[in-house]
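In the numbering used here, the protein residues as written are 7 to 148.
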């Protein structure tokens, strides 16, 4: 029963945080205006602001935060180390190194996607090396 209450409470907190994010912007909107815009009523300008600017921004922030949490938990589970973190393990530095190399050698002009893809490849390479080292280690702690 505690798990159900905890899950419901956390879900309500996430929904409330997304709603509050829809209230905030260059100019604050009242809660009634935001609710009306969310349900397709009220001023058409408010609907555009909510549906095309504030709600996508809030949902993107929520999804990025969730993805970071899941990836951190996956990294800790893979390495069997509760202190594992990309900055400590060198994953972030490897990602930055690959992106820097692509920019340095002038490959960034090829496509808008080349720098992010290089950064992802660098992070995956570092993660692979760390995972191989963790698999060879028989200890619980990496």
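Glycine included, each C-beta is placed from N, C-alpha and C at the ideal position.
Counted within 10 angstroms of its Cβ, other Cβ atoms place residue i as buried (16 or more) or exposed
i, result
"residue 28", "buried"
"residue 83", "exposed"
"residue 136", "buried"
"residue 108", "buried"
"residue 19", "exposed"
Closest by C-alpha distance to residue i, when choosing among the options
i, options, result
"residue 68", "132, 23, 128", "23"
"residue 130", "87, 77, 118", "77"
"residue 21", "34, 9, 33, 41", "41"
"residue 63", "132, 25, 88", "25"
CB contact flag (residue i, residue j, <7 Å)
i, j, result
"residue 128", "residue 98", "no"
"residue 37", "residue 85", "no"
"residue 46", "residue 39", "no"
"residue 132", "residue 121", "no"
Chain-order list of residues whose beta-carbon lies under 8 Å from that of residue i (same chain, five-residue window excluded)
i, result
"residue 31", "55, 59, 60"
Nonlocal neighbours in the same chain, by C-beta distance under 7 Å from residue i, ignoring five residues either side
i, result
"residue 104", "124, 125, 127, 128"
"residue 44", "56"
Close beta carbons around residue i, own chain, < 6 Å, minus the five adjacent residues each side
i, result
"residue 81", "90"
Exercise. Does the pairing of the stretch 91 to 101 with the stretch 54 to 70 give three or more beta-carbon distances under 8 Å?
Worked result: Touching, no.
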